[in-house]
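Read top to bottom, the protein sequences are chains R and F. Every number in our numbering is 1 more than the matching position in the first sequence, counting from 1. Every number in our numbering is 1 more than the matching position in the second sequence, counting from 1. Even for Gly, the Cβ is constructed at its ideal location relative to N, Cα and C. Before any comments, here is the structure.
Protein chains: 2
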Amino acid sequence: MTAGGLGRVETRRVVLFAEDGPLRLQSGAALAPVEVAYETYGTLDAAGGNAVFVCHALSGDAHAAGHHGDPAQRGWWDTIIGPGRPLDTERYFVVCANLLGGCSGTTGPASVDPRTGRAYGLRFPLLSVRDLLAVHRALLRHLGIARLHAAIGGSLGGMQVLQWALDHPEEIERAVLVCASARLSAQNIALTAVARAAIMGDPEFHGGDYLDGPSRPRHGLSVARRLGHVTYLSAESMRRKFDRRRRGGPGAQMTMGSDFEVEHYLDHQGESFVERFDALSYLYLTRLMDYFDPFADPTLDLARVSTRFLAVSFDSDWRFGSEHSRHLVRSLSAGGVEARHVEIASPWGHDSFLLEGEEYHRVVAEALGAEQPQRVRRALPDGVARLG
Amino acid sequence: MTAGGLGRVETRRVVLFAEDGPLRLQSGAALAPVEVAYETYGTLDAAGGNAVFVCHALSGDAHAAGHHGDPAQRGWWDTIIGPGRPLDTERYFVVCANLLGGCSGTTGPASVDPRTGRAYGLRFPLLSVRDLLAVHRALLRHLGIARLHAAIGGSLGGMQVLQWALDHPEEIERAVLVCASARLSAQNIALTAVARAAIMGDPEFHGGDYLDGPSRPRHGLSVARRLGHVTYLSAESMRRKFDRRRRGGPGAQMTMGSDFEVEHYLDHQGESFVERFDALSYLYLTRLMDYFDPFADPTLDLARVSTRFLAVSFDSDWRFGSEHSRHLVRSLSAGGVEARHVEIASPWGHDSFLLEGEEYHRVVAEALGAEQPQRVRRALPDGVARLG
Numbered sequence: 002m003t004a005g006g007l008g009r010v011e012t013r014r015v016v017l018f019a020e021d022g023p024l025r026l027q028s029g030a031a032l033a034p035v036e037v038a039y040e041t042y043g044t045l046d047a048a049g050g051n052a053v054f055v056c057h058a059l060s061g062d063a064h065a066a067g068h069h070g071d072p073a074q075r076g077w078w079d080t081i082i083g084p085g086r087p088l089d090t091e092r093y094f095v096v097c098a099n100l101l102g103g104c105s106g107t108t109g110p111a112s113v114d115p116r117t118g119r120a121y122g123l124r125f126p127l128l129s130v131r132d133l134l135a136v137h138r139a140l141l142r143h144l145g146i147a148r149l150h151a152a153i154g155g156s157l158g159g160m161q162v163l164q165w166a167l168d169h170p171e172e173i174e175r176a177v178l179v180c181a182s183a184r185l186s187a188q189n190i191a192l193t194a195v196a197r198a199a200i201m202g203d204p205e206f207h208g209g210d211y212l213d214g215p216s217r218p219r220h221g222l223s224v225a226r227r228l229g230h231v232t233y234l235s236a237e238s239m240r241r242k243f244d245r246r247r248r249g250g251p252g253a254q255m256t257m258g259s260d261f262e263v264e265h266y267l268d269h270q271g272e273s274f275v276e277r278f279d280a281l282s283y284l285y286l287t288r289l290m291d292y293f294d295p296f297a298d299p300t301l302d303l304a305r306v307s308t309r310f311l312a313v314s315f316d317s318d319w320r321f322g323s324e325h326s327r328h329l330v331r332s333l334s335a336g337g338v339e340a341r342h343v344e345i346a347s348p349w350g351h352d353s354f355l356l357e358g359e360e361y362h363r364v365v366a367e368a369l370g371a372e373q374p375q376r377v378r379r380a381l382p383d384g385v386a387r388l389g
Numbered sequence: 002m003t004a005g006g007l008g009r010v011e012t013r014r015v016v017l018f019a020e021d022g023p024l025r026l027q028s029g030a031a032l033a034p035v036e037v038a039y040e041t042y043g044t045l046d047a048a049g050g051n052a053v054f055v056c057h058a059l060s061g062d063a064h065a066a067g068h069h070g071d072p073a074q075r076g077w078w079d080t081i082i083g084p085g086r087p088l089d090t091e092r093y094f095v096v097c098a099n100l101l102g103g104c105s106g107t108t109g110p111a112s113v114d115p116r117t118g119r120a121y122g123l124r125f126p127l128l129s130v131r132d133l134l135a136v137h138r139a140l141l142r143h144l145g146i147a148r149l150h151a152a153i154g155g156s157l158g159g160m161q162v163l164q165w166a167l168d169h170p171e172e173i174e175r176a177v178l179v180c181a182s183a184r185l186s187a188q189n190i191a192l193t194a195v196a197r198a199a200i201m202g203d204p205e206f207h208g209g210d211y212l213d214g215p216s217r218p219r220h221g222l223s224v225a226r227r228l229g230h231v232t233y234l235s236a237e238s239m240r241r242k243f244d245r246r247r248r249g250g251p252g253a254q255m256t257m258g259s260d261f262e263v264e265h266y267l268d269h270q271g272e273s274f275v276e277r278f279d280a281l282s283y284l285y286l287t288r289l290m291d292y293f294d295p296f297a298d299p300t301l302d303l304a305r306v307s308t309r310f311l312a313v314s315f316d317s318d319w320r321f322g323s324e325h326s327r328h329l330v331r332s333l334s335a336g337g338v339e340a341r342h343v344e345i346a347s348p349w350g351h352d353s354f355l356l357e358g359e360e361y362h363r364v365v366a367e368a369l370g371a372e373q374p375q376r377v378r379r380a381l382p383d384g385v386a387r388l389g
């Protein structure tokens, strides 16, 4: 990691929709209060023109960079945000907010329903990506930002950026979508369906009403997270990280309990996740990804989309691989929108978007800062560009 | 499917190891009684030289072909076994047995432990592939068969055939390993680890002692099976079968419950599996696959292996893809063993081994019947042959 980085930062909270002015969801339902947790890094310039909005992925939160007291415990995208980093906080005013439906400070299904005084549970309304954006946009109004220099996000974060730029291109100059998708495949949906089945079938899920009870569906959520991690890594990155190494050593006796290092890794991921994440948020956020399909929207008018798009994918990502980026860039280009795709060589699968990578970071930095199209080393079919 | 096929068949049972002559496992543990469920098709010739042993995969059973009364409900490999089919029952005497540790008639962890009068549960000893073979071999002795014309199996079935031919090549003339592996990858292990976590963490698993209680870990087992099916299909076959089709139709409201056809498919697979399969068998059989690594065995002596091997893989299989077949053929060839690899083009992923396919069936038929090496259309690197 680059030396330096942001110092101590803090999460702020603001109620953006109160009971007298509820958030109107795509489904028609009204939601209030809607509180949002967010962080900002850097300084908004006098013209308000240097803001970059970071949309986080499924399990992210508002704490994207810097630290909350322990300099070793840094935000989830600290590698890319900070002084001199691609999202250069000496140049940009960076905003990151926990998304609607989340469980890290922003209103979600684990919040208290003011009508009942109990947690919403499954009575929380189903959300669309547009609902998430309505809250992001209200936060920007609250911060006095009318137009973003750029919006960027990985995975579900990239899906938010895409929908935002399609709906309100005048608000986003540059959109950077990292390993995103405009349309989950049947396999993608199947994987989240298994995760949701693990949660909803857990005897301790109690129909979603576990929040006021003594136990939570820890088991189901930890299985969902284990499965998630299998899909965030590539087969090759698992081989490099773990291969067939056993904690007991090569000669140890067989055991039904965890023995291979990859098992211990998944156990750890599952167990730590249940301490910080809510099972209902997992359900709501995966579900809105399944339904996301913006190019099938009959109201879409690409002719008015002035935002410039960059889609970045990683060649070993099998969760939202390059075919997803190609599809969304093709869909944009077909409508005359300026959109490029860069595929980065990386063995680390979907997780690559959270990691450092010289080429990856350079491509993102250029997309944010350059007025000219980036250098393209080699043209691929259907207008896709590949660097390196 | 070819018209015809076997008629009514029946499963037989035999106790192969009684308390006065227990099965000695690789771990040193003794197991008795060991009962085996098996089926045979065709007629053993006078010389006893036309027997073909079929080793089944994780969720298979002894009922490989024909039917048990309802001609529409046929054995799991009925496509390949029968009169005029690749395992031609007018020519071969075909034997298939439920494997040790299974739950379809052969002794396994759900069987009653004679020492306690209760189900074994997790007190059942851990098994190795060699333990499964010890029972298969005892069955052959019982049937009066000293040497197999061929042994064939897919997935875990192929792993059994491989170990058998390595240990007792004099007993197997031809070995056909279909989408098998000699060494699970970290990703393979991770996937079974998630499945096992789903089962063992289910509050109704009760440390494995659910068999004498009122409930079973149905939830965990159904999640494991859903996940299994995601890995048995390819992304492409899921697209062809389900794409993003919704049962409610394209305009229906979003729902947290199953809606996409692929979700209903997985629900059905999960729910029907728990009616016929035991969670403990799932644990024991996946676990022995994780540990399987025959080419790392220091006692292995390839110089004495006279069996002729054919490894078949399918290009869209990402569970045990062609790299697994290449690895095992390379390992055999390096020791001077006659081994070929044929990769078949098929969009259906790991499941392809259970399906019909003209080229697939021809390759298997030729491997069983031909005295000459099969015609090779195109040579690939490292001695691998690709047909078609």
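Notebook entry, point to check: Between which two residues does the beta strand (DSSP E) carrying Ile345/F extend?
Noted result: Here the beta strand (DSSP E) through Ile345/F covers Ala340 to Ile345.
Notebook entry, point to check: Touching or not, the segment 89-107 of chain R and the segment 35-44 of chain R, by the rule of three or more beta carbon pairs under 8 Å?
Noted result: Result yes; three or more Cβ-Cβ pairs closer than 8 Å.
Notebook entry, point to check: So is Ser60/R in contact with chain F if we call contact Cβ pairs under 8 Å?
Noted result: No, Ser60/R lies away from the interface with chain F (no Cβ there is under 8 Å from its Cβ).
Check: Sorted by chain position, which residues of the same chain lie with C-beta nearer than 6 Å to Leu369/R's C-beta, five sequence neighbours on each side aside?
Finding: Closer than 6 Å at the Cβ level, and outside the excluded window around Leu369/R, lie Ala151.
Item checked: Own chain, CB closer than 8 Å to His137/F, minus 5 neighbours either side, in chain order -> Contacts found: Phe54, Cys56, Ala98, Leu100, Gln161 and Trp165.
Notebook entry, point to check: Nearest to Trp77/R by alpha carbon, out of Asp352/R, Asp260/R and Glu359/R?
Noted result: Comparing Cα-Cα distances from Trp77/R to each of Asp352/R, Asp260/R and Glu359/R, the minimum goes to Asp352/R.
Next item on the list: Assuming Val10/F and Ala48/F form a contact by the criterion Cβ under 8 Å, report the distance between their Cβ atoms to the nearest whole angstrom.
Entry: Contact flag wrong, Cβ pair sits at about 24 Å.
Checklist line | Euclidean distance between Cα positions of Arg116/F and Pro23/F | finding: The alpha-carbon atoms of Arg116/F and Pro23/F are separated by roughly 13 Å.
Next item on the list: Answer with yes or no whether the minimum CB distance from Arg220/R to chain F is below 8 Å.
Entry: Before going further, note that residue 220/R is His rather than Arg in the sequence given. His220/R has a beta carbon lying within less than 8 Å of a beta carbon in chain F.
Check: In or out: Gly8/R buried (at least 16 other Cβ within 10 Å) or exposed?
Finding: A residue is called buried when at least 16 other Cβ atoms come within 10 angstroms of its Cβ; Gly8/R does not meet this threshold and is exposed.
Margin query: Between Leu163/F, Ala120/F, Leu144/F and Gly118/F, which has its C-alpha nearest Leu134/F's C-alpha?
Written below: Nearest option by C-alpha distance: Leu163/F.
Note to self: Given a cut-off of 8 Å on the beta-carbon distance, is the pair Arg247/R and Asp260/R in contact?
What the structure shows: Yes, Cβ-Cβ distance for Arg247/R and Asp260/R is below 8 Å.
Check: Which residues bound the beta strand (DSSP E) around Ala176/F?
Finding: For Ala176/F, the enclosing beta strand (DSSP E) starts and ends at Ile173 to Val179.
Next item on the list: Return the Cβ separation of Gly229/F and Ala196/F in integer angstroms, given the expectation that the two are a contact with Cβ distance under 8 Å.
Entry: By a beta-carbon distance limit of 8 Å, Gly229/F contacts Ala196/F. Their separation comes to about 7 Å.
Next item on the list: From the DSSP output, in three-state form, read off Leu185/F for me.
Entry: Look at Leu185/F here: in three-state DSSP terms it is coil, with no helix or strand label.
Next item on the list: From the DSSP output, in three-state form, read off Val231/R for me.
Entry: Helix, per DSSP.
Item checked: Exposure label - Ala19/R; buried when at least 16 CB within 10 Å -> Answer is exposed; the Cβ neighbour count stays below 16.
Notebook entry, point to check: Going along the chain, which residues of its own chain have a beta-carbon closer than 7 Å to the beta-carbon of Tyr211/F, five neighbours each way excluded?
Noted result: Within the same chain, Tyr211/F has close Cβ partners Glu205, Arg217 and Pro218.
Next item on the list: Would you decide whether Ser307/F is buried or exposed? Buried here means 16 or more other CB atoms lie within 10 Å of its CB.
Entry: Counting C-beta atoms within 10 angstroms of its own C-beta, Ser307/F has fewer than 16 neighbours from the protein chains shown and is therefore classed as exposed.
Notebook entry, point to check: If you compare alpha carbons, which of Ala147/R, Gly5/R and Leu157/R is closest to Pro84/R?
Noted result: It is Gly5/R.
Note to self: Run through the DSSP bridge pairs and tell me what Cys56/R is partnered with.
What the structure shows: Cys56/R is bridged to Gly154/R.
Notebook entry, point to check: What residue range is occupied by the uninterrupted beta strand (DSSP E) comprising Phe206/F?
Noted result: Here Phe206/F belongs to no beta strand (DSSP E), and DSSP marks it neither H nor E.
Checklist line | Val275/R versus Gly336/R, Asn51/R and Leu222/R, residue with shortest Cα-Cα distance | finding: Checking every option, the nearest Cα to that of Val275/R belongs to Leu222/R.
Check: Can you tell which of Arg363/R, Thr300/R, Val364/R and Trp319/R has its C-alpha closest to the C-alpha of Asp168/R?
Finding: Checked all of Arg363/R, Thr300/R, Val364/R and Trp319/R; the closest Cα to Asp168/R is Thr300/R.
Check: Under the three-state reduction of DSSP, which class applies to Ser314/R: helix, strand or coil?
Finding: The DSSP-derived three-state label of Ser314/R is strand.
Notebook entry, point to check: Alpha carbon to alpha carbon, what distance is there between Glu174/F and Ala304/F?
Noted result: Straight-line Cα distance between these residues: approximately 15 Å.
Item checked: Proximal chain F residues relative to Gln270/R, where beta-carbon distance stays under 8 Å -> Within chain F, no residue comes near Gln270/R; the closest Cβ sits about 11 Å away, beyond 8 Å.
Margin query: Using DSSP's beta-bridge definition, name the partner residues of Glu276/R.
Written below: According to DSSP, which records beta bridges pairwise, Glu276/R is partnered with nothing at all.
Margin query: Is there a Cβ of chain F sitting closer than 8 Å to that of Gln161/R, yes or no?
Written below: Chain F places no beta carbon closer than 8 Å to that of Gln161/R, leaving this residue out of the contacts.
Check: Whose Cβ in chain F lies nearer than 9 Å to the Cβ of Gly250/R?
Finding: By Cβ distance, chain F contributes nothing, its closest Cβ being about 13 Å from Gly250/R, past 9 Å.
Item checked: Length of the line joining the Cα atoms of Ile82/R and His342/F -> Going by the C-alpha atoms only, they are around 49 Å apart.
Next item on the list: Report the residue from His265/R, Val224/R, Ala253/R and Arg131/R whose alpha carbon sits nearest the alpha carbon of Leu242/R.
Entry: Checking the sequence, you will find Lys at residue 242/R rather than Leu. Nearest of His265/R, Val224/R, Ala253/R and Arg131/R to Lys242/R, Cα basis: His265/R.
Notebook entry, point to check: When we look at the beta-carbon of Arg124/F and count the other beta-carbons within 10 Å, is it buried (16 or more) or exposed?
Noted result: With fewer than 16 other Cβ atoms within 10 Å, it is exposed.
Checklist line | Straight-line gap, Pro251/F to Arg245/F (C-alpha atoms, nearest Å) | finding: Cα to Cα, Pro251/F sits roughly 9 Å from Arg245/F.
Note to self: Looking only at its chain, what residues have a beta carbon closer than 6 Å to the beta carbon of Gly159/R, apart from the 5 residues adjacent to it on each side?
What the structure shows: Same-chain partners within the cutoff: Leu178, Val179 and Ala181.
Notebook entry, point to check: Run through DSSP, which three-state label would Arg124/R get?
Noted result: Collapsing the DSSP output to three states places Arg124/R in a helix.
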